[in-house]
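Enquirer: Using the working numbering, the first residue of the sequence shown is number 390, and each one after it goes up by one.
Right, I'll just put the structure down here and ask away after.
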Amino acid sequence: MLEELRTLVLFAEEGSIQNVARRLPLTQPAVTRQVQRLEDLLGTTLLDRRQKPPRLTTAGLEVLERAKDILASIEALKAFAADTEPQGVLRVGLAHGLSDGGVAGGIARAAATFPKISLRLKTGWSADLIEQFDRGLLDMAIVLRPAGHQGPDVLGTERLAVIAQAGATKSRLTDAAWASMPWVLSPEPCDARQRLLAILGGERHRLVVAAEIQDPAMQVEWVRRGHGLGLMPSRLAARGLPDDLALVDTGDLDLSLQVVALRSPHLNRLARAAQAIATTVGDVLDIET
390 MLEELRTLVL
400 FAEEGSIQNV
410 ARRLPLTQPA
420 VTRQVQRLED
430 LLGTTLLDRR
440 QKPPRLTTAG
450 LEVLERAKDI
460 LASIEALKAF
470 AADTEPQGVL
480 RVGLAHGLSD
490 GGVAGGIARA
500 AATFPKISLR
510 LKTGWSADLI
520 EQFDRGLLDM
530 AIVLRPAGHQ
540 GPDVLGTERL
550 AVIAQAGATK
560 SRLTDAAWAS
570 MPWVLSPEPC
580 DARQRLLAIL
590 GGERHRLVVA
600 AEIQDPAMQV
610 EWVRRGHGLG
620 LMPSRLAARG
630 LPDDLALVDT
640 GDLDLSLQVV
650 ALRSPHLNRL
660 ARAAQAIATT
670 VGDVLDIET
């Protein structure tokens, strides 16, 4: 039907079947048959053949305007499909534990290289983000998974450090001591908290939680004031701690999580932007670890 519509538009431009045939190029009978097929498909008469040369009927003029709109939309769609530059809305979820300046800056730099991308970034606990990703509410989710998680979606490792008020702990703690010490932690289902509980024996131990605080800066302040032990990424602790905070020797405890990028298989052109973000986050983890 598209060819027939193009023929009708050409007829309106050229004014005769003969000129249309020369433009295409087709024989005059072939052009006539195209117009007749279009009339049959639409169930209306498009040309007034009583005139020499034929002229568009009232219905033909209306169909002509719609034909122009349809053909223009087709061309726009072809141009859209041919444009390889990523564009559109990219919905990204980022685990709370990764929402620091280093990771945020990396994501911002990656997104800035795609000016036609509108980034919608939200933070949340990994379990919540994975659920939203599975429901199709996110195009990409950068989350924390248990140590040992393997696969092409792994971007790197996030190692956790234990911090305490300076002078509060003098030596390496036993497993029993870890469980009996008070902690300043994020609320459930915090990824770091779940990892800590897992390495201390899961439900066999009950953590003594002195305070549940989601904001990292406030957690550090509570730890600084001596309310309990805290957790923070080792890469952030390596930048330096306040004078009244200190790292606790964790010995052989494996306080690490895998950073994983979940990506929808239907990203199409957005896939390049998603890959750039994933690569950048992986680079931040490598550099700061």
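From the three backbone atoms N, C-alpha and C, an ideal C-beta is built for every residue, glycine too.
Keep in mind the model is a prediction, meaning the values are calculated, not measured.
Sorted by chain position, which residues of the same chain lie with C-beta nearer than 7 Å to T446's C-beta, five sequence neighbours on each side aside?
Expert: Your numbering for residue 446 matches position 57 in the sequence shown. Taken in chain order, the residues that qualify are T434, L435, L436, D437.
Enquirer: Do P535 and R584 count as a contact pair if the criterion is CB distance below 9 Å?
Expert: Position 195 of the sequence shown holds residue 584. Position 146 of the sequence shown holds residue 535. The answer is yes: Cβ separation under 9 Å.
Enquirer: What did DSSP end up calling L436 once you bin it into helix, strand or coil?
Expert: Position 47 of the sequence shown, counted from the first residue, corresponds to residue 436. Of the three classes helix, strand and coil, the one that applies to L436 here is strand, per DSSP.
Enquirer: Have a look at the DSSP bridge pairing and note the partners of L508.
Expert: Indexing the sequence shown from 1 puts residue 508 at position 119. Bridge partners of L508: L479.
Enquirer: When you compare each of D604, L574, Q647, V478 to L508 by their alpha carbons, which one comes out closest?
Expert: Counted from its first residue, the sequence shown places residue 508 at position 119. Out of D604, L574, Q647, V478, V478 has the C-alpha closest to the C-alpha of L508.
Enquirer: Using CA atoms only, rank isn't needed, just tell me which of R439, Q407, E392, D675 is closest to G545.
Expert: As a first step, residue 545 is located in the sequence shown; it is residue number 156 there, counting from the start. The candidate whose alpha carbon is nearest that of G545 is D675.
Enquirer: How would you write the range of the beta strand (DSSP E) that P548 sits in, first residue to last?
Expert: Along the sequence shown, one-based indexing puts residue 548 at 159. What sits at residue 548 in the sequence shown is Arg, not Pro. Per DSSP, R548 belongs to the beta strand (DSSP E) from 543-554.
Enquirer: So V492 and V609 are in contact, right, with Cβ under 8 Å, and what is the actual spacing, rounded?
Expert: Position 103 of the sequence shown, counted from the first residue, corresponds to residue 492. Position 220 of the sequence shown, counted from the first residue, corresponds to residue 609. Wrong, their Cβ atoms sit about 18 Å apart, outside the cutoff.
Enquirer: Taking the alpha-carbon of W567 as reference, which of L618, A555, R411 has the nearest alpha-carbon?
Expert: Counting from 1 along the sequence shown, the entry for residue 567 is found at position 178. Per the Cα distances, L618.
Enquirer: Quick check on this structure: which residue in R422, G404, E474, S569 has the alpha carbon closest to the alpha carbon of K441?
Expert: Locating residue 441 in the sequence shown gives position 52, counting from the first residue. It is G404 whose Cα lies nearest to the Cα of K441.
Enquirer: Exposed or buried, what is L549 when buried is set at 16 or more other beta-carbons lying within 10 Å of its beta-carbon?
Expert: Translated into the one-based positions of the sequence shown, residue 549 becomes position 160. Burial call: buried.
Enquirer: For G619, which residues does DSSP report across the bridge?
Expert: Translated into positions along the sequence shown, residue 619 becomes position 230. Paired residue(s): I552, V573.
Enquirer: What does the alpha-carbon distance come out to for the pair I519 and L651?
Expert: Along the sequence shown, read from residue 1 onward, the residue named residue 519 stands at position 130. Along the sequence shown, read from residue 1 onward, the residue named residue 651 stands at position 262. In a straight line, the C-alpha of I519 is about 8 Å away from that of L651.
Enquirer: Thinking C-alpha only, which one of G432, E393, E428, L431 is nearest L415?
Expert: Within the sequence shown, the letter at position 26 stands for residue 415. Among G432, E393, E428, L431, the Cα nearest to that of L415 is on E393.
Enquirer: Let me know the beta strand (DSSP E) ranges lying completely inside the stretch 605-662, each 3 residues or longer, listed in chain order.
Expert: Here the runs fully enclosed are 618-622, 634-636, 645-652.
Enquirer: At what residue ranges does the stretch 399-448 contain a whole run of the alpha helix (DSSP H), taking only runs of 4 or more?
Expert: 406-412, 417-431
Enquirer: Would you mind sorting T396 into buried or exposed? The rule is 16 or more other CB atoms within 10 Å of its CB.
Expert: To locate residue 396, count along the sequence shown from 1; it is residue 7. It counts as buried.
Enquirer: Note down the Cα distance separating A660 from P475, rounded to an integer number of angstroms.
Expert: By one-based count along the sequence shown, residue 660 stands at place 271. By one-based count along the sequence shown, residue 475 stands at place 86. Rounded to whole angstroms, A660 to P475 spans 8 Å at the Cα level.
Enquirer: Is it the case that the stretch 454-464 contacts the stretch 624-643, given that we only count it when at least three CB pairs across the two stretches are under 8 Å?
Expert: Counting Cβ pairs under 8 Å, fewer than three are found: no touch.
Enquirer: Taking 8 Å as the cut-off, is the beta-carbon of W611 closer than that to any non-hydrogen atom of the ligand MN?
Expert: Here there are no bound small molecules, and the ligand MN is not part of this structure.
Enquirer: Can you look up A536 in the DSSP assignment and give me helix, strand or coil?
Expert: Residue 536 sits at position 147 when you count from the first residue of the sequence shown. Here A536 sits in coil by DSSP.
Enquirer: Can you round the beta-carbon distance between V598 and L620 to whole angstroms, since I take them to be within the 8 Å contact cut?
Expert: Within the sequence shown, residue 598 is the residue found at index 209, counting from 1. Within the sequence shown, residue 620 is the residue found at index 231, counting from 1. Their Cβ separation, rounded to whole angstroms, is 12 Å, which puts V598 and L620 out of contact at 8 Å.
Enquirer: Between the alpha carbons of A516 and P578, how many angstroms are there, rounded?
Expert: In the sequence shown, residue 516 corresponds to position 127, counting from 1. In the sequence shown, residue 578 corresponds to position 189, counting from 1. Going from the Cα of A516 to the Cα of P578 covers about 7 Å.
Enquirer: Nearest-angstrom Cα distance between R498 and R412?
Expert: Position 109 of the sequence shown, counted from the start, is the residue given in the question as residue 498. Position 23 of the sequence shown, counted from the start, is the residue given in the question as residue 412. Taking the straight line joining both Cα atoms gives about 51 Å.
Enquirer: In whole angstroms, what separates the C-alpha of I406 from that of H655?
Expert: Looking up residue 406 in the sequence shown gives position 17. Looking up residue 655 in the sequence shown gives position 266. Each residue's alpha carbon lies about 46 Å from the other.
Enquirer: Tell me which residue opens and which closes the beta strand (DSSP E) that E601 is part of.
Expert: The count along the sequence shown starts at 1 and reaches residue 601 at position 212. Per DSSP, E601 belongs to the beta strand (DSSP E) from 597-601.
Enquirer: Apart from the five residues just before and just after V551, which ones in its own chain have a Cβ nearer than 8 Å to its Cβ?
Expert: Reading the sequence shown from its first residue, position 162 is the one you call residue 551. Taken in chain order, the residues that qualify are L618, G619, L620, L636, V637, T639, L644.
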